[in-house]
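K.L.:
Using my numbering, you'd call the opening residue of the sequence shown number 378 and step up by one each time.
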Amino acid sequence: MMKQFWVDVRPWRKDLATTAIESGADALMVDDADRVRELGRVTTIAEGGDLVPGEDIFEVEITDKAAEEEALRLSRAGYVIAKTGDWTVIPLENLAAQSDRIIAEVTNADEAEIALSVLERGVAGILLVTDDPSEIRRVAGVIAGLGAKVTLIPFEVTRIAPVGMGDRVCVDTCSLLSDGDGMLVGNTSSAFLMVHPETLENPYVAPRPFRVNAGAVHAYTLLPDGRTAYLTDLAAGDKVLIVEHTGTTREVIVGRAKIERRPLLLVEAKAGDAEVSLVLQNAETIRLVAEDGGAISVARLAVGDRVLGSVTEGGRHFGIAVAETILEK
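1. Check for me: the alpha helix (DSSP H) holding residue 503 runs from which residue to which?
2. According to the Cβ coordinates, are residue 659 and residue 642 closer than 7 Å?
3. Rounded C-beta distance between residue 653 and residue 568? I'm assuming under 8 Å.
4. Do you know whose CA, among 681, 381, 686, 382, lies nearest residue 533's CA?
5. In this structure, what does DSSP give as the bridge partners for residue 382?
6. Per DSSP, what are the beta-bridge partners of residue 421 in this structure?
7. Exposed or buried, which one is residue 460 when buried takes at least 16 other CB atoms within 10 Å?
8. Rounded to a whole number of angstroms, what is the C-alpha to C-alpha distance between residue 417 and residue 645?
9. Residues in the same chain with beta-carbon distance under 6 Å from residue 693, minus the five sequence neighbours each way, listed in chain order, please.
10. By how many angstroms is the C-alpha of residue 640 removed from the C-alpha of residue 486?
11. If contacts are defined as beta-carbon pairs under 8 Å, then residue 675 and residue 664 qualify, I think. What distance do you get, rounded to the angstrom?
12. Which first and last residues belong to the alpha helix (DSSP H) in which residue 514 is found?
13. Using the Cβ count rule (16 or more neighbours within 10 Å means buried), how would you classify residue 383?
14. Taking buried to mean at least 16 other C-beta atoms within 10 Å of its own C-beta, is residue 657 buried or exposed?
15. Give the secondary structure of residue 471 by DSSP, where H, G and I count as helix, E and B as strand, and everything else as coil.
16. Nearest-angstrom Cα distance between residue 490 and residue 531?
17. Check whether the Cβ atoms of residue 559 and residue 542 lie closer than 7 Å to each other.
18. Using the Cβ count rule (16 or more neighbours within 10 Å means buried), how would you classify residue 475?
19. Taking the beta strand (DSSP E) that residue 438 falls in, what are its first and last residues?
20. Based on Cα-Cα distance, which residue from 397, 519, 391, 387 lies nearest to residue 407?
21. Suppose you measure from the CA of residue 509 to the CA of residue 583; what does that come to, to the nearest Å?
As structure tokens, this is what we get:
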């Protein structure tokens, strides 16, 4: 899940607020929420704001163990902004280990990077206190580069078979994707193949670097929060997970989902005891991802080829992983 990026704009400075909004800040802490609303839509932390201090947000100065315990107690009711004074890491590690609602107060990008990576999982987010608009942009860059990792493994293709006509989903995102990127999509919720975006030149159609022709309507895709969604349920404004071939992830926004009837192809593959399958459109512009990040068109895919995918816990209830016996085939 992406980390929360909050910026303290008290006392009010329009240049800081504008830079924060343009840099993708999730929330602004302000004295007057109405001033922010004049600039754009963003969550406000203020009396009369979207999040209210003392009700949804709590601030705790971490000076000793008792303060840590107080922060943990308050985190059961809302987010806690942890202020560590001389900026000590150990209290943040203790808090991050026990709560996913800790927001660390920081003053620069270096402190933000440490807070967001303590114990590898990091705190839930940061509140940046700075007078420098360029520091806001630097911290935004740190957060953008801290995408969670997905473990990708090579699957060996075991079967490729045309299966007839059906409905498939093109996911058009609000981001320009790159070679070696992909969405994790599968016929079951326990294993996924990495489907490459339409970034490559083709003699028949122009590249569409914002698009992933992801698969048939019934397929699952893995979301940024670890849940799954049916491709047919994706709509404008939703967030989907994009994975680099190295395993680094980021979330992108769906601009639209296009469902059209096309000839379909079943691809099956194995990695040890793990099996994966996916129904894709049968066309040369649909590609899976090789181990080195290269793209392999399904038109040239052969049994024995190795393509990247991922294995997760099977069994989902409304997209959420559950511990129950479910057989998907």
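Think of the CB as a built atom: it goes at the ideal place given N, C-alpha and C, for glycine as much as any other residue.
P.N.:
Inspection of the coordinates gives the following:
1. Here the question's residue 503 lines up with position 126 in the sequence shown. That residue, residue 503, is in no alpha helix (DSSP H); its beta strand (DSSP E) goes 502 to 506.
2. Your numbering for residue 659 matches position 282 in the sequence shown. Your numbering for residue 642 matches position 265 in the sequence shown. Contact: yes.
3. Position 276 of the sequence shown, counting from 1, holds the residue named residue 653. Position 191 of the sequence shown, counting from 1, holds the residue named residue 568. Contact between residue 653 and residue 568 holds: their C-beta atoms lie close to 4 Å from each other, under 8 Å.
4. Here residue 533 refers to the residue found at position 156 when the sequence shown is read from its first residue. The shortest Cα separation from residue 533 among 681, 381, 686, 382 belongs to 681.
5. Within the sequence shown, numbered from 1, the residue matching residue 382 stands at position 5. Per the DSSP secondary-structure output, residue 382 pairs in a beta bridge with 503.
6. Start at 1 with the first residue of the sequence shown, and residue 421 comes out as number 44. When DSSP reads this structure, residue 421 sits in a beta bridge with 405.
7. Taking the first residue of the sequence shown as 1, we reach residue 460 at position 83. Burial call: buried.
8. Within the sequence shown, residue 417 is the residue found at index 40, counting from 1. Within the sequence shown, residue 645 is the residue found at index 268, counting from 1. Whole-angstrom Cα-Cα distance: 47 Å.
9. If you number the sequence shown from 1, residue 693 lands on position 316. For residue 693, the pLDDT reaches just 45, beneath the cut-off of 50, and the residue's location in the model is therefore unreliable, although a value from the coordinates is still provided. Same-chain partners within the cutoff: 566, 605.
10. Here residue 486 corresponds to residue number 109 of the sequence shown, with the count starting at 1. Here residue 640 corresponds to residue number 263 of the sequence shown, with the count starting at 1. Going by the C-alpha atoms only, they are around 49 Å apart.
11. The residue labelled residue 675 in the question sits at position 298 within the sequence shown. The residue labelled residue 664 in the question sits at position 287 within the sequence shown. Contact flag correct, Cβ pair sits at about 7 Å.
12. Working through the sequence shown from its first residue, we reach residue 514 at position 137. In the DSSP assignment, residue 514 falls within the unbroken alpha helix (DSSP H) covering 510 to 521.
13. Here residue 383 corresponds to residue number 6 of the sequence shown, with the count starting at 1. Buried, because 16 or more other Cβ atoms sit within 10 Å of the Cβ of residue 383.
14. As a working note, residue 657 is residue 280 in the sequence shown. Here residue 657 is buried. Its C-beta has 16 or more other C-beta atoms within 10 Å.
15. Residue 471 sits at position 94 when you count from the first residue of the sequence shown. In the structure shown, residue 471 sits in a helix (DSSP, three-state: H, G or I).
16. On the sequence shown, residue 490 is found 113 positions in, with the first residue counted as 1. On the sequence shown, residue 531 is found 154 positions in, with the first residue counted as 1. Take the alpha-carbon of residue 490 and the one of residue 531: they are about 31 Å apart.
17. Numbered from 1 along the sequence shown, position 182 holds the residue referred to as residue 559. Numbered from 1 along the sequence shown, position 165 holds the residue referred to as residue 542. Cβ atoms of residue 559 and residue 542: not closer than 7 Å.
18. Residue 475 sits at position 98 when you count from the first residue of the sequence shown. It is exposed - the Cβ of residue 475 has fewer than 16 other Cβ atoms within 10 Å.
19. For this step, residue 438 is matched to residue 61 along the sequence shown. Unbroken beta strand (DSSP E) run through residue 438: 434 to 438.
20. In the sequence shown, counting from the first residue as 1, residue 407 sits at position 30. Residue 387 is the option with its Cα nearest to residue 407.
21. Numbered from its first residue, the sequence shown carries residue 509 at position 132. Numbered from its first residue, the sequence shown carries residue 583 at position 206. Approximately 42 Å between the Cα atoms of the pair.
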